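Everything on this sheet refers to the single structure shown next.
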Amino acid sequence: MDMRPDPLVMMTSSVQDQAPKPVKVAAKNVNVYYGAKQALKDVSVDIPVKAVTAFIGPSGCGKSTFLRCINRMNDTVASCRVEGLIQIDGKDIYDPALDPVQLRARVGMVFQKPNPFPKSIYDNVAYGPRIHGLSRSKAELDEIVEHSLRKASLWEEVKDRLKDSGTGLSGGQQQRLCIARTIAINPEIILMDEPCSALDPIATARIEELMAELRSNFTIIIVTHSMQQAARVSQRTAFFHLGILVEKGETSQIFTNPTDKRTQDYITGRFG
Amino acid sequence: MAGWYALLILALLTAGYVISSARARSIAGGNYAEMHSLPAYHGLYTAALAMLPALICFLIGSQLASYFATQTAIAALPGDVQNDVLKQGAALREAFNIAAGGPINSSSAEIQSAAAGYASVLSAGQWITLAIGTFTGLAGLSWGLSRVSMNFRARNGFEKLVHGLLWVCATIAVLTTIGIVFSVVGETYRFFFDPAITGKPTVFEFLFGTEWNPQAALRADQGEIQTAYGFLPLLTGTLLITTIAIAVAGPLGLFSAIYLAEYASPRFRAIAKPILEILAGIPTVVLGFFAALTVAPFIRGWGETFGLNVASESALAAGVVMGMMIIPFISSLSDDVINAVPQSLRDGAYAMGATKSETIRQVILPAALPGIVSAFMLAISRAIGETMIVVMAAGLAANLTFNPLEAVTTITVQIKTILVGDQEFDSAKTLAAFALGFVLFFVTLVLNYIALKVVQKYREQYD
Amino acid sequence: MTDITSGEFPSSIRRVEFDSAESKARLRGRYKSEARFKAYGIVALVITTSFLLALLTSIVSRGVPGFFQNYLVTEVLVDAAKIDPQGKGTPEALRAGDYSAVARAALADAIPGINERQLKKELNGLLSSGAGDDLREMVLANPSLLGQRIRTPLLLADQADIFLKETESAVRVFADTRGSATPSATTGDITILVSGNDFADDVALIKAELVNSAVALEKNIALRAGRGASAESLADLKAQAAELRQRAAGTASETLDSKTASRLVAINGGVVKVKEMTPTSVRGDVIVPLTTTAEAAPGTWQIRVYDRPEADRNMNDRAATFLEQLKSKGLIESKFNWAFFTRGDSREAELAGIQGALVGSILTLLVTIGLCLPIGVLAAIYLEEFAPKNRFTELIEININNLAAVPSIVFGLLGLAVFLNFFGLPRSAPLVGGLVLALLVLPTIIIASRAALKSVPPSIREAALGVGASHQQAVFHHVLPLAMPGIMTGTIIGMAHALGETAPLLMIGMIAFIVDVPTSLTQAATVLPVQIFLWSDLPEPAFKMKTAAAILVLLAVLFLMNGISIWLRKKFERRW
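Protein chains in written order, with our numbering: chain A, 832 to 1103; chain B, 45 to 507; chain C, 12 to 587.
What follows is the structure, encoded as structure tokens:
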């Protein structure tokens, strides 16, 4: 492998982050390998607190891989190896003393395909608080469930059928249920891995509205295929290409005035 | 005779193929591209046309010949033998034996004449069959030959015949089921309703009777032993052993499957899976031997150290070994359904901060539950129908008990006991075995059907 | 978005904490339950594996001795007077000769001087009733042996064979005797006086045994009394216990019975079975005659002990003594039992072999594979490639799936009612057995073949159709050959299943005792698993050993078949 620093990366790293908010997640020189294949090369990025950060890029560019590093979901893939430093609030999350189970309670995740558990709507939302012991009584649990469903703007639709199976809801409702499930444990960060790719435009619009609401409470990182979506919901954007973080910055800057040729090509639709 | 017939069919096949393909070649004159079908297909088509009528003649003719021959033999027997089903059967067996070239020594004149009549009619019938077969076969051959031409679609014709053959083969499965239903339902009906059968129970007595004793007194000094056909002790015995088996195999099989599917490294799986496969491949007669010779004495000795009186053919020994048999069954089916649970559900639970065991217990198992339930149902049906282990390790006496340390008997043991050795198809005892077979078939069919439906539903859910 | 409450979460909704003692304890608890759950899985696998190991060890340890057979290898006089008294020399006359008498004579030469009728019977009982069979074959093959002395192995009876193989029945020899011993006679009921107290230990041991049994009996009485047994029912047992105690305390000479360890005295070339003993003398019956009544010096005579009481053995002390004598003369040899594979069934365990069952199994499986391979494959082709989607096809599919799970004994009922009773096919015949097994494994083969056909990608089919092949040509020329390894794998597994199947064959009468090796499909025969079942039912321990040996053969064949199928799968595994 070529060990010389990539001039492009050097250049993009030198772009000054004019972070208006404190840094929540900081990644430094992250390399990820699947077996012998390198999926991410030397990614460094700072993610601000209580804002929406979007990762964009063509498929296979490593943006989802990077997202899954932030809550150590990659640990469940046997062949995966992560190098480099990722910090949340200044603490290394790959510190052996840190427990991935606890980490994931702080860093929630919403997946591409809605994956409600084959349980009732209530039990889906109550699952996290139960395993983490967040409620001391049934009344408290009820309250958490109601608040989470309200936060996910699902409460009005399901309040009369909380005992029904979560898998019986429509796709958009299922995805909001998954969001409610995630925010029920009140995480600090919510990772969203193309949360709208399996949904129709109306359901997508509701999720996007929801993200705008949630960002006042949570740090949100979203991986998306859709540049329009990134432009609509995010404050900051990072562009990945072939495992390299090509460019990052204010969303408005990336979309109006990209510094890198590849970013420009991608945004103008030359490839993708 | 069958040898001659096989020769005839072989000859028809060869002749049909050789002549017809040669004719096609000569008609084409090397211009095969113009011809619709290749000469080989013309040959195959004609060969099939020649063989089929001869084969059908043989199948029908040989049955007819043996039917008429048997009728002739019966007519030659004395009147009293003709009217008694049992005597008639015995006399016919003797006659057939003589006709087949067996020793004549002590047979009566009637039986000898019956044998002679049988042999002559049979031989005549078979020769007639052979003649008709030859004739129809040749007719088929010449018809096939006459159709050989440039435009004749021999390939399509032959493929239609092959298609028919494929269909027949696929239908054999249905015929098997019909055969099973025909054999168990017919005899079961006779068991309950045939007025000629003495000592038979009513359906009610059969289903709810608490005593099972199909063996009547053989000798006068055995006193008055009444036959009884109460099915309940067999049912409880079967259920007791099945319950023990599932109690052993359920947790072991399920936890093995969970460990192999969710925890084990590929290398560990590569070692552990063959162990389960070996266990699955061990014939039940071997397990029965192990149960009777090793496990039963072990349990008995173990019981004695606690001052318990364990029967040497205890339900526990049979049940435990049957459990052994079922472990790989449950584990491989459960492994399949656990693997069919989509990864996204696991990811969802891990992302919530669940540990692996929490994910398994609270997400994967509930999701796989229908599949696991059906695996258990299939396992139960297998345990109910298993014969050799219980024949070798469980008892014969029909005790109505739920004590696993006592000897019980099962449905399959009784079927085996009644039907091994000489049976008469007209005694309530023999028919009782078919009634038990009917119950067995019906129960396992229902269990299997439900289980298969559940699995199908479950597969659809995640596909 | 009217239902969204803006602002922070209410204080009641907590965030997961990490540093409080409570949350740490909680996490520890969760990880403990994780470890426990994982342990359940390992324990389940360990138990399953130990089940399998227990099974295999039990079978192997019982079965391996069954592949060996003990022979008496000694000088045999091929006595023309016994074999061909009229001196005809024809093969018929040679065949009819009394070879057993020749074998018995050889045995009498090996242990001379046994004249008493009962003892003679015991001695001859050591030889198999078929001991002369091999001799007969030798003489028939080579009539010039007549009148010669040859050294040849003679088959031992099953009890003798088992006795030699079982380590628990081995004799313990005490050779460092302290006193000199004087027998009163050389045969019959004799007394041996000993100058030392060589038997004191033994007498003490017997007394201790008596005390032990008394204690066990008393425990039993207490247990029964505790369970509420009546006093009368226990009176008998109490009396027995009291008697045992009394005997243990007394000083009278101890009588040995068949329920205690046997003791024998080897002295002056003979052997005496002890009936009564005091510390300094024994009384007993002579088994092997003594050469003299002279006083035997200390160390020149022996006490021999069989710890297993005579009542628990298949061989009494006399026969065992003869056997030990033969063994000590080096006349007993253990050889690999080839006859096990070349003989049919027999009522005598040492003569029984599995050839008949093996041939029966092969004939039956030939019928099975001849029927179910073509039918199964053609049915699978129909269902996978040609069947229209309609109710009837669906019915066939449901049928196949259900048949795969119908208990095998039900197929036996089908065979009995349809093939035997309705079509009148012969009972116990490999033909019928093969038919029944074919129906039994047909679903397995259809399902496996369909899976194999399905795994061939549609592109192959499309390519063939694209060059103008008919659908059938595409299937038979391209798809079927590619699916063949999968089909063969499924077929071998189905055949292995059929080979191990027993229950349905019992129903159609393949359970008869058949000595001859079957030569046709309609002859009465038995198969290997049924032979195992038949032998396992017999009381003789030698048959138990043969059963386990036959099981080892069956398992070896099954492992081989499965090995081949795995090899096939590996060799032809293809990733499309």
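Just so it is clear, CB atoms sit at the ideal spot from N, CA and C, and this is done for glycine as well. Remember, it's a predicted structure, so these values are computed and weren't measured experimentally.
Test item: CB-CB of threonine 1050 of chain A and isoleucine 1014 of chain A under 8 Å: Position 219 of the first sequence, counted from the start, is the residue given in the question as residue 1050 of chain A. Position 183 of the first sequence, counted from the start, is the residue given in the question as residue 1014 of chain A. Not closer than 8 Å, so no.
What's the C-alpha gap between alanine 514 of chain C and isoleucine 408 of chain B? The count along the third sequence starts at 1 and reaches residue 514 of chain C at position 503. The count along the second sequence starts at 1 and reaches residue 408 of chain B at position 364. Whole-angstrom Cα-Cα distance: 38 Å.
Would you check whether the ligand MG has a heavy atom nearer than 7 Å to the C-beta of proline 123 of chain C? Ligands displayed in this structure: none; no statement on the ligand MG is therefore possible.
Rounded C-beta distance between leucine 96 of chain B and glycine 184 of chain B? I'm assuming under 8 Å. Along the second sequence, read from residue 1 onward, the residue named residue 96 of chain B stands at position 52. Along the second sequence, read from residue 1 onward, the residue named residue 184 of chain B stands at position 140. Contact holds; Cβ gap of about 7 Å.
What in chain C is Cβ-close to isoleucine 1016 of chain A, meaning under 7 Å? Your numbering for residue 1016 of chain A matches position 185 in the first sequence. What isoleucine 1016 of chain A touches in chain C: Val27.
At the 8 Å Cβ level, is methionine 396 of chain B part of the contact set with chain A, yes or no? Sequence index remark: in the second sequence, residue 396 of chain B carries index 352 (1-based). So yes, methionine 396 of chain B belongs to the interface.
Neighbour-count burial assignment, phenylalanine 275 of chain B, 16 or more Cβ in a 10 Å radius: Here residue 275 of chain B corresponds to residue number 231 of the second sequence, with the count starting at 1. Answer is buried; the Cβ neighbour count reaches 16.
Secondary structure at glutamate 1078 of chain A, three-state DSSP: helix, strand or coil? Here residue 1078 of chain A refers to the residue found at position 247 when the first sequence is read from its first residue. Here glutamate 1078 of chain A sits in strand by DSSP.
Using alpha carbons as the reference points, say which of C:Glu405, C:Ala260, C:Trp349 lies closest to leucine 216 of chain C. By 1-based counting over the third sequence, the position of residue 216 of chain C is 205. Considering only alpha carbons, the answer is C:Ala260.
Based on the DSSP secondary-structure assignment, which residues constitute the bridge partners of histidine 1072 of chain A? Here residue 1072 of chain A is taken as the residue at index 241 of the first sequence, counted from 1. Note: histidine 1072 of chain A sits in a beta bridge opposite A:Ile1075.
Reduced DSSP secondary structure (H/G/I, E/B, other) of valine 247 of chain B: Walking along the second sequence from the start, residue 247 of chain B turns up at place 203. Correct three-state label for valine 247 of chain B: helix.
Around the Cβ of valine 184 of chain C, are there at least 16 other Cβ atoms within 10 angstroms (buried) or fewer (exposed)? On the third sequence, residue 184 of chain C is found 173 positions in, with the first residue counted as 1. Under this definition valine 184 of chain C is an exposed residue.
In chain A, which residues lie less than 7 Å from arginine 37 of chain C when you measure between Cβ atoms? The residue labelled residue 37 of chain C in the question sits at position 26 within the third sequence. Within 7 Å Cβ-Cβ: Gly964.
With a cut-off of 8 Å, does the C-beta of tyrosine 953 of chain A fall near any C-beta of chain B? The count along the first sequence starts at 1 and reaches residue 953 of chain A at position 122. No, its Cβ sits nowhere closer than 8 Å to a Cβ of chain B.
Could you check which residue in A:Phe886, A:Pro927, A:Val863, A:Ser890 has the C-alpha nearest to that of valine 913 of chain A? Within the first sequence, numbered from 1, the residue matching residue 913 of chain A stands at position 82. Across the set A:Phe886, A:Pro927, A:Val863, A:Ser890, the C-alpha of A:Val863 shows the shortest separation from the C-alpha of valine 913 of chain A.
So, with DSSP's three-state summary, where would you put aspartate 318 of chain C? Locating residue 318 of chain C in the third sequence gives position 307, counting from the first residue. Three-state result, aspartate 318 of chain C: coil.
Any idea what DSSP makes of alanine 870 of chain A, helix, strand or coil? Translated into positions along the first sequence, residue 870 of chain A becomes position 39. Of the three classes helix, strand and coil, the one that applies to alanine 870 of chain A here is strand, per DSSP.
Starting from methionine 396 of chain B, trace the beta strand (DSSP E) in both directions and tell me its first and last residue. Along the second sequence, one-based indexing puts residue 396 of chain B at 352. Where methionine 396 of chain B is concerned, there is no enclosing beta strand (DSSP E), given that its DSSP letter is neither H nor E.
If you pair each beta-carbon of the segment 526 to 535 of chain C with each one of the segment 370 to 377 of chain C, do three or more pairs fall below 8 Å? yes
Close Cβ partners of leucine 301 of chain C (< 7 Å) along its chain, the five nearest in sequence each way excluded: Here residue 301 of chain C refers to the residue found at position 290 of the third sequence. Excluding residues within five positions, the ones whose Cβ falls inside 7 Å are Pro194, Thr197, Ile278, Asn279, Gly280, Gly281.
Just curious, the beta strand (DSSP E) that asparagine 153 of chain C is in, first and last residue? Residue 153 of chain C sits at position 142 when you count from the first residue of the third sequence. Looking at the DSSP string, asparagine 153 of chain C is not in any beta strand (DSSP E), and its letter there is neither H nor E.
Where do the N-terminal and C-terminal ends of the beta strand (DSSP E) with glutamine 1004 of chain A fall, by residue? Working through the first sequence from its first residue, we reach residue 1004 of chain A at position 173. Where glutamine 1004 of chain A is concerned, there is no enclosing beta strand (DSSP E), although the alpha helix (DSSP H) it sits in stretches over 1002 to 1014.
Please check the pair isoleucine 433 of chain B and threonine 328 of chain B, which I expect to be a contact at CB under 8 Å, by giving their CB distance rounded to whole angstroms. Within the second sequence, numbered from 1, the residue matching residue 433 of chain B stands at position 389. Within the second sequence, numbered from 1, the residue matching residue 328 of chain B stands at position 284. Right, their Cβ atoms sit about 5 Å apart.
Contact list for tryptophan 211 of chain B against chain C, beta-carbon separation under 7 Å: Against the second sequence, residue 211 of chain B aligns to sequence position 167. Chain C residues near tryptophan 211 of chain B: Tyr393.
Which chain B residues are close to asparagine 902 of chain A, counting only those with a beta carbon under 7 Å from its beta carbon? Within the first sequence, numbered from 1, the residue matching residue 902 of chain A stands at position 71. Under the 7 Å cutoff, chain B gives Ala395.
Are three or more beta carbon pairs between the segment 545 to 554 of chain C and the segment 397 to 411 of chain C nearer than 8 Å? no
Going by alpha carbons, who is nearest to valine 71 of chain C out of B:Ile424, B:Val330, B:Ile315? Numbered from its first residue, the third sequence carries residue 71 of chain C at position 60. Looking at the Cα atoms, B:Val330 is the closest of the given residues.
Looking at the secondary structure, which residues open and close the alpha helix (DSSP H) in which alanine 246 of chain C lies? The residue labelled residue 246 of chain C in the question sits at position 235 within the third sequence. Per DSSP, alanine 246 of chain C belongs to the alpha helix (DSSP H) from 242 to 260.
In whole angstroms, what separates the C-alpha of glycine 939 of chain A from that of leucine 993 of chain A? Mapped onto the first sequence, residue 939 of chain A falls at position 108. Mapped onto the first sequence, residue 993 of chain A falls at position 162. Going from the Cα of glycine 939 of chain A to the Cα of leucine 993 of chain A covers about 22 Å.
Beta-carbon contacts of threonine 919 of chain A that lie in its chain and below 6 Å, excluding the five residues immediately before and after: By one-based count along the first sequence, residue 919 of chain A stands at place 88. First, the amino acid is wrong: residue 919 of chain A is isoleucine here, not threonine. The answer, listed in chain order, is Val856.
State the start and end residues of the unbroken beta strand (DSSP E) segment that holds lysine 855 of chain A. By 1-based counting over the first sequence, the position of residue 855 of chain A is 24. First-last of the beta strand (DSSP E) with lysine 855 of chain A: 854 to 865.
I want to verify the contact list: residues of chain B whose CB lies under 9 Å from the CB of threonine 513 of chain C, in sequence order. Translated into the one-based positions of the third sequence, residue 513 of chain C becomes position 502. Here the neighbours are Pro327, Thr328, Val329, Gly332, Thr431, Met432, Val435.
Does the beta carbon of asparagine 413 of chain C come closer than 8 Å to any beta carbon on chain B? Here residue 413 of chain C refers to the residue found at position 402 when the third sequence is read from its first residue. Yes - at least one Cβ of chain B is within 8 Å of the one on asparagine 413 of chain C.
Sequence-distant residues of the same chain with beta carbon closer than 7 Å to tryptophan 510 of chain B, five excluded per side: Because chain B here runs from 45 to 507, residue 510 of chain B falls outside it and cannot be looked at.
For the segment 39 to 68 of chain C, list every residue whose C-beta sits within 9 Å of some C-beta in chain B, in sequence order. Arg41, Tyr42, Ser44, Glu45, Ala46, Arg47, Phe48, Lys49, Tyr51, Gly52, Ile53, Val54, Ala55, Leu56, Ile58, Thr59, Thr60, Phe62, Leu63, Ala65, Leu66, Leu67
Using the Cβ count rule (16 or more neighbours within 10 Å means buried), how would you classify alanine 567 of chain C? Walking along the third sequence from the start, residue 567 of chain C turns up at place 556. Result: exposed.
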